[in-house]
Amino acid sequence: MAANWPVIDALLAGTTGMRAAGKAYLPQWPNEADEAYRARLATATLFPAFSRTVSVLSGKPFSRPLTLDDDVPESLRAWADNIDLQGSNLHSFAGSITQAALSHGLAGILVDYPKASGLKTRDEEKRAGVRPYFVQIKATDILGWRSERIAGVETLTQLRFLESVVEYDGPFGEKIVEQVRVLEPGKWSVWRKKQEPNEAEPKWVLHDEGETSLKKVPFVPVYGERVAFMQGRPPLMELAHMNVEHWQSKSDQQTILHIARVPILFAKNLGDSPIVVGAAQAVKGEGEGADLKFVEHSGQAIEAGRLSILDLEDRMRQIGAELLVIKPGNTSVTQTLADNEPGMCVLQRLAEDVEDALEAALQLMAEWVGEKNGGHIQIYKDFGVASLAEASMELLREMNIDGTFSDESLFREGQRRGIIMPELAWEEEQKRIEKNRPKPGKTQLNG
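Numbering (my numbering), first residue to last: 524 to 970.
Now the structure itself:
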């Protein structure tokens with residue numbers, strides 16, 4: 524899984540991340556000078572197809588509020604407004620975990636419980652404000668795990684992950700300390716690196732440990748595309764590779780444009796005549812076949828490169844849109860029972876998996892405090908479309924709303940997909956749109 528993550532992290536970091544990756548995703552050409560490569564890398568810009576698609580698609584299930592069913596206990600219902608003790612409600616936390624699963628293929632929810640030192644009863648813990656909370660665990664921080672089949676269910680028996688804690692350093696400073704936390708049923712331990720004076724390399728040593736009242740590992744995996752237990756594949760991995768291809772091709776296009784925009788002055792048999800270029804200057808050539816002219820690029824390669832980039836951008840949009848297209852036969856148990864739901868799209872399936880994971884996490888939260896049932900939640904999933912044309916238009920419309928795609932381009936893309944009548948002209952449609960807009964000083968009434 525980790526082989527996919529460096530390119531994903533670089534793409535999510537935008538132009539800055541891709542430039543920092545350097546030759547990993549923008550190779551240096553044979554015989555290209557180091558200075559020329561550095562200049563080419565410094566001027567390259569990223570078309571954010573991957574990050575934008577992940578952002579738009581992960582926001583689809585949360586375009587409407589997440590709802591808690593009546594069977595969610597009152598205590599958990601109150602905690603849902605600050606589910607991670609950092610101000611995030613359950614709706615925003617679910618959106619963040621969905622985005623992580625969609626981009627990296629795997630994410631996790633740790634249901635943690637703070638140390639209750641000196642507190643002996645649940646009433647004392649309640650009065651002190653000590654209660655379970657959610658922690659989002661990134662796929663890149665998971666170091667390893669062990670599992671066993673218990674009562675027919677694959678169950679975590681150990682989880683190891685990297686975390687960072689902030690500690691005071693002197694009277695005013697702070698320092699970030701990396702540590703590994705190991706979770707096992709009923710116990711936990713924290714390990715840190717320590718270097719002894721007589722040792723060449725630091726070693727991992729036990730820093731802290733303790734026991735828990737919950738006799739299981741309180742962690743729930745969330746998959747983008749499940750491969751096996753605790754193993755997931757990024758659904759948009761091919762889009763990530765195509766985005767890297769676009770990054771490289773766009774750099775080539777910028778280079779050839781730079782070359783084409785600077786004509787080369789060609790001189791032939793001018794002898795010792797000085798060459799001064801200007802409107803009030805003349806160059807005299809006395810040699811046989813003397814010639815002086817600018818040599819310019821024909822531009823054919825530029826146009827071919829431009830069309831190739833546009834074609835690549837269109838294919839990237841289609842890959843993202845495919846996650847919204849409902850596929851017949853791809854059904855869940857509940858959809859099989861519903862006659863009006865013939866299938867589901869990949870994003871709907873992911874939203875359903877996130878829903879199940881959040882319910883499992885709520886169940887762990889309930890078990891921490893002695894509740895029998897954590898209850899159920901509902902995530903909006905009625906956003907699938909019937910065709911790839913409709914799905915890609917949905918993505919383009921989202922780009923138009925946030926200002927990264929023009930009204931005219933959206934109109935012409937609708938015509939190309941057969942959604943808008945081909946005989947309509949954009950100039951005429953603009954006039955009709957202006958007529959629909961309310962005049963200054965007047966209020967438009969609906970109904």
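Quick reminder that beta carbons are idealized off the backbone N, C-alpha and C, glycines included.
Rounded to the nearest angstrom, the Cβ distance from Phe657 to Asp607 is 5 angstroms, consistent with a contact under 8 angstroms.
Rounded to whole angstroms, the Cβ separation of Lys710 and Thr735 is 7 angstroms, and the two are in contact under 8 angstroms. Contact holds between the segment 914 to 934 and the segment 828 to 848, because three or more Cβ pairs, one in each stretch, are under 8 angstroms apart.
When DSSP reads this structure, Gln681 sits in a beta bridge with Arg669. Boundaries cannot be given for His899, as no alpha helix (DSSP H) includes it and DSSP labels it neither H nor E.
Shown here, Ala763 sits in a helix according to DSSP, grouped into three states.
DSSP places Ser712 in the uninterrupted beta strand (DSSP E) bounded by Lys710 to Lys717.
With contacts defined by Cβ atoms closer than 8 angstroms, Ser687 and Thr678 do not form a contacting pair. Collapsing the DSSP output to three states places Tyr691 in a strand. Here the segment 898 to 908 lies against the segment 579 to 597, with 3 or more beta-carbon pairs under 8 angstroms apart. Fewer than three beta-carbon pairs drawn from the segment 725 to 735 and the segment 865 to 876 are found closer than 8 angstroms, and the two stretches are therefore not classed as touching. Of the other Cβ atoms in all chains shown, fewer than 16 fall within 10 Å of the Cβ of Phe695; this residue is therefore exposed. Distances from the CA of Trp891 to each of Leu599, Asn554 and Ala567 were compared; the closest alpha carbon is that of Leu599. Contact between the segment 880 to 896 and the segment 738 to 754 is established, with three or more Cβ pairs separated by less than 8 angstroms. The three-state secondary structure of Ala751, taken from DSSP, is strand. Gly897 sits buried, since 16 or more C-beta atoms from the chains shown fall within 10 Å of its C-beta.
For Tyr746, the secondary structure class from DSSP, reduced to helix, strand or coil, is strand. Boundaries around Arg704 are those of the beta strand (DSSP E), Gly696 to Glu707, since no alpha helix (DSSP H) includes it. Between Tyr548 and Leu629, the gap from beta carbon to beta carbon reaches 8 angstroms or more.
Straight through space, the alpha carbons of Arg829 and Thr590 are spaced by roughly 47 angstroms.
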